[in-house]
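Structure, as structure tokens:
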Amino acid sequence: MSGKVVICGVGLIGGSFALAIKSVFASRRCPKIVGMGRSRATLAEALRLGVIDEIGADWASALKGADLVLLGMPVGQMAQTMQALLPHLEPQTIVTDGGSTKADVVAAARAAFGSRIGQFVPAHPIAGAEKSGVSAAKADLYLDRRVVLTPLPENSPDAIAAVRAVWEFCGARVSTLTPDEHDRVFAAVSHLPHLLAFALVRDLAVRDNAEQLFGFAAGGFRDFTRIASSHPEMWRDICLANRKALIGEVDAYMTELLKTRVLLATADGAGLEAMFAVARARRDAWLETVTDK
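Just so we're aligned: the sequence shown equals residues 7 to 299 in my numbering.
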């Protein structure tokens, strides 16, 4: 990346990507970071904070001489953005994304890119936070975090290697899945937990004694519901895009809740303790494998 990187959607994901690149290239010539997006105010804030070097006037000027484009907007906006940029996309430019779902993004890319689909290498950085926006961006967001690539058959080895390399430059650990594998996995370990956190907080928020309930909420409630502070529009798009796999996970969880209800209704202390023990042991074993405990 010796020329230009274009980031469309300069929020937490795109802004942190820009800052990570600037950090990596601090001692040598850094590529110019150009910001694109639907909110002029957000782009102006990103420029003021030094996250980007320039606000793109239009796709034609933004993409001229670009090495890489990162699509960092909610997945529901991907299709329209891809269609807008494609007429101005130069042959050497690689496009990637930070979307939390992949099958829908790949379908949108195939519709937009057509025979040029090889220039799009899908990816998903597993490094979100409960706060969103460019003001939450930080250069070390991806340090020791996982990024999943879901490369396409049309991608060249060089294009895949380039996207892998830029995420590794940012400090990430890169893995590979197919788009469908990705969506099944993250329906269970990411999308379902967010849905549950939103649902619990909303359930308490609309009760007549909501103020009393939140007045007594403490650390356990805060830890369980932390991700309910995530961006509503982004998570609306994720849930709808991956709804088939997510509905399956919701159904499985409802079955587990019904089993738990039976244990409570029958005062089955041994059954509850056994269930808790399995969950605790598996979570503790998982914690030993992660770096951001």
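Ideal Cβ positions, reconstructed from N, Cα and C, are used throughout, including at glycine.
When Ala251, Asp103 and His94 are compared, the shortest CA-CA separation from methionine 79 is found for Asp103. Counting the other CB atoms within 10 Å of its CB gives proline 131 a total of 16 or more, which places it among the buried residues. Alanine 143 and glycine 277 have their alpha carbons spaced roughly 45 Å apart. When rounded, the separation of the alpha-carbon atoms in glutamine 86 and asparagine 215 is 43 Å.
In this structure, valine 154 lies away from phenylalanine 126, with their beta-carbon atoms at least 7 Å apart.
Annotated as distal: valine 40 and alanine 66, with beta-carbon spacing of 7 Å or more. Shown here for glycine 62: same chain residues with a beta carbon closer than 6 Å to its own, the five before and five after excluded, namely Val40, Met42 and Ala68 in chain order.
Histidine 197 places its beta carbon 7 Å or farther from that of isoleucine 233. If you check the CB distance, arginine 190 and alanine 251 come in under 7 Å. For valine 30, the enclosing alpha helix (DSSP H) starts and ends at 18 to 30.
In this structure tryptophan 173 is buried. Its beta-carbon is surrounded by 16 or more other beta-carbon atoms within 10 angstroms.
A Cβ-Cβ separation of about 6 Å places isoleucine 123 in contact with leucine 158 under the 8 Å criterion. When DSSP states are grouped into helix, strand and coil, isoleucine 61 belongs to the strand group. In the three-state reduction of the DSSP assignment, arginine 151 falls in the coil class, being assigned neither a helical nor a strand state. Just measuring C-alpha positions, the residue of Arg208, Ala194, Thr156 and Val296 sitting nearest valine 256 is Ala194. At least 7 Å separates the beta-carbon of aspartate 243 from that of glycine 9.
Here isoleucine 253 has no same chain residue with a Cβ atom under 7 Å from its own Cβ, once five neighbours each way along the sequence are excluded. Taken in chain order, the complete alpha helix (DSSP H) segments of 4 residues or longer contained in the stretch 151 to 223 are 163 to 175, 185 to 192, 198 to 211 and 216 to 222.
Valine 284 carries a helical assignment under DSSP once its states are collapsed to helix, strand and coil. When the beta-carbon positions are compared, valine 169 and valine 16 stay at least 7 Å from each other.
A Cβ-Cβ distance of about 13 Å is found for the pair asparagine 248 and threonine 156, leaving them out of contact under the 8 Å criterion.
Separation of serine 181 and glutamate 294 (C-alpha to C-alpha, rounded to the nearest whole angstrom) is 19 Å. Here proline 131 carries a strand assignment [DSSP, helix/strand/coil]. In this chain, the alpha helix (DSSP H) harbouring valine 111 covers 109 to 119.
Of the candidates Pro37, Gln218 and Arg152, Pro37 places its Cα closest to the Cα of alanine 72. Minimum Cα-Cα distance from isoleucine 166 among the listed residues Thr99, Ala117 and Ala133 corresponds to Thr99. When beta bridges are read from the DSSP output, phenylalanine 126 appears opposite Val101.
Secondary structure at lysine 250: helix, using DSSP grouped into helix, strand and coil. Contact between alanine 145 and serine 22 holds: CB atoms are separated by about 7 Å, below the 8 Å threshold.
For methionine 84, the uninterrupted alpha helix (DSSP H) segment begins and ends at 84 to 91. The Cβ-Cβ distance between arginine 179 and arginine 208 does not fall below 7 Å.
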